[in-house]
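Residue numbers (the numbering used here), protein chains in the order written: chain P, 2 to 191; chain Y, 2 to 191. Just so it is clear, CB atoms sit at the ideal spot from N, CA and C, and this is done for glycine as well. Okay, structure first, notes after.
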DNA sequence: ATTGATCTACCTACTAGTAGGAAGACAAAA
DNA sequence: TTTTGTCTTCCTACTAGTAGGTAGATCAAT
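Quick look at the structure:
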């Protein structure tokens with residue numbers, strides 16, 4: 002076996018969350034897609050809240066690892082931002098993951114089980130902090146010209162990324178993501 | 002009677018959509034909030050899809066009227082953008098309408114009844130077109146310095162606004178909206 | 001012999017939606 | 001003026017289907 006049932010369940014659940022959010026899928030949907038009975042999913046994840054907690058934990062952990070990997074493999078801050086944006090551009094263009102799980106769930110914040118909401122918030126904080134650190138490094142190196150503090154610029158950039166995902170989806174135009182986000186990177190350059 | 006039952010239903014449904022999206026509320030929720038039986042809601046809106054269609058139609062119509070009013074009452078393009086952003090800033094700060102209905106629904110695009118999805122898309126197009134027209138007017142008057150075409154700059158600004166709403170919600174920080182969106186207006190000024 | 005994973009079968013609560021009737025408003029007809 | 005009919009709104013009572021979740025059995029692997 003190369004992929005456990007739990008992982009299959011999480012993979013399917015994640016794609017369902019990306020498509021329709023927390024209230025947009027059911028155990029029956031997962032059951033059908035994975036090919037096991039509903040009750041068997043409860044064996045792996047007793048409640049939907051626990052399933053979502055594990056799912057978001059896994060997602061945010063992977064995101065942290067991904068950002069760390071960019072930091073390790075790409076030398077300059079500009080390249081790091083480009084790598085981050087290129088990752089999402091690819092995910093959206095090939096429809097493999099056309100939306101951020103946490104951005105999706107952020108819209109439903111008020112209806113989420115508290116532990117899940119906390120994980121979503123933590124992901125936003127973590128992503129903003131990473132962007133801020135990259136922006137600061139770039140500014141210190143004289144590569145970026147920042148109008149505001151790195152933290153404020155990071156919040157602005159993160160919002161643009163999530164908003165670009167939303168626009169691409171609303172207008173059914175995957176290419177729009179890059180069109181919106183590309184110039185944001187350009188204008189940072191000193 | 003100063004507000005019809007239909008309007009009450011739409012008002013409640015709208016606040017529920019803003020809180021949790023299309024799949025985040027039920028006729029039972031509306032019933033409880035309005036104080037009439039479930040079946041009576043079906044009298045006014047036979048199906049949920051029809052309810053949502055009327056709701057989004059009303060929302061987008063009001064939005065168009067609001068943008069038109071800004072154009073009529075505020076003379077300069079910079080002031081028009083400021084008025085638009087100030088409107089949302091107020092809505093978010095006083096929590097009267099902490100999210101755009103269509104931005105909320107855009108996340109669930111794939112699960113929406115087709116007629117509703119079309120209305121959501123139309124609202125995005127309409128808002129982007131208004132922003133583009135204001136940006137163009139400002140650029141022609143020498144008030145704004147645009148790096149890209151007005152249409153591209155409009156897409157960027159719209160994404161920032163929606164992303165700022167999402168960040169404010171995810172981080173539980175209403176003030177974040179203005180912090181993100183304010184500098185975007187600043188940097189346009191020639 | 002026990003454990004983990006799966007199954008069938010089921011539960012309760014809730015989903016959108018329907019059938020049919022009661023109460024009032026209003027206007028036309030007696 | 002009263003009566004009749006129609007329209008609107010809301011109701012109780014219901015349906016079929018789905019939600020998340022549980023109980024208990026089977027079976028293969030340890």
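Check, Outcome
"With distances taken Cα to Cα, identify the nearest neighbour of residue 154 of chain P among Y:153, Y:161, Y:150, Y:156.", "Y:161"
"Taking three-plus beta-carbon pairs below 8 Å as touching, is the stretch 178 to 188 of chain P in contact with the stretch 127 to 140 of chain Y?", "no"
"Following the continuous alpha helix (DSSP H) through residue 96 of chain P, name the residue where it begins and the one where it ends.", "Careful: residue 96 of chain P lies outside any alpha helix (DSSP H) and carries neither H nor E."
"In angstroms with no decimal places, state the Cα-to-Cα distance between residue 133 of chain Y and residue 95 of chain Y.", "28 Å"
"Ignore the nearest five residues each way along the sequence and tell me which others in residue 113 of chain Y's own chain have a CB closer than 8 Å to its CB.", "23, 53, 106, 121"
"Where does residue 116 of chain Y land, buried or exposed, given buried means 16+ other C-beta within 10 angstroms?", "exposed"
"Looking only at its chain, what residues have a beta carbon closer than 6 Å to the beta carbon of residue 98 of chain Y, apart from the 5 residues adjacent to it on each side?", "92"
"Could you tell me the distance, in whole angstroms, from the CA atom of residue 149 of chain P to the CA atom of residue 118 of chain P?", "29 Å"
"Out of curiosity, what's the CA-to-CA distance linking residue 110 of chain Y and residue 171 of chain P?", "7 Å"
"Any C-beta of chain P sitting closer than 8 Å to the C-beta of residue 137 of chain Y?", "no"
"Any Cβ of chain P within less than 8 Å of the Cβ of residue 112 of chain Y?", "yes"
"Could you please give me the residues that DSSP links to residue 1 of chain Y through a beta bridge?", "Residue 1 of chain Y cannot be examined here, being either before or after the span of chain Y that is shown, 2 to 191."
"In the structure shown, what three-state DSSP assignment does residue 1 of chain P receive?", "The structure shown does not extend to residue 1 of chain P, since chain P spans only 2 to 191, so no value can be given for it."
"At a Cβ threshold of 8 Å, is residue 68 of chain P touching chain Y?", "no"
"Select from P:189, P:158, P:108, P:104 the residue whose C-alpha is nearest the C-alpha of residue 139 of chain P.", "P:189"
"Let's test the definition: count the other Cβ atoms within 10 Å of the Cβ of residue 78 of chain Y and tell me whether it reaches 16, buried, or not, exposed.", "buried"
"For chain P, find out if any of its Cβ atoms is closer than 8 Å to the Cβ of residue 90 of chain Y; answer yes or no.", "no"
"Return yes when the Cβ of residue 167 of chain P is within less than 8 Å of the Cβ of residue 163 of chain Y, no when it is not.", "yes"
"Is residue 4 of chain Y helix, strand or coil by DSSP?", "coil"
"Consult DSSP for residue 172 of chain Y and reduce its assignment to one of helix, strand or coil.", "coil"
"Please name the residue in P:42, P:27, P:26 whose C-alpha comes closest to that of residue 10 of chain P.", "P:42"
"Are residue 15 of chain Y and residue 60 of chain Y closer than 8 Å when you measure CB to CB?", "yes"
"Under 8 Å between C-beta atoms, does residue 127 of chain Y make it to chain P?", "no"
"Using beta carbons (cut-off 8 Å, strictly below), is residue 188 of chain P in contact with chain Y?", "yes"
"Give me the Cβ distance between residue 83 of chain P and residue 186 of chain P, rounded to the nearest whole Å; I'm assuming they're in contact under 8 Å.", "6 Å"
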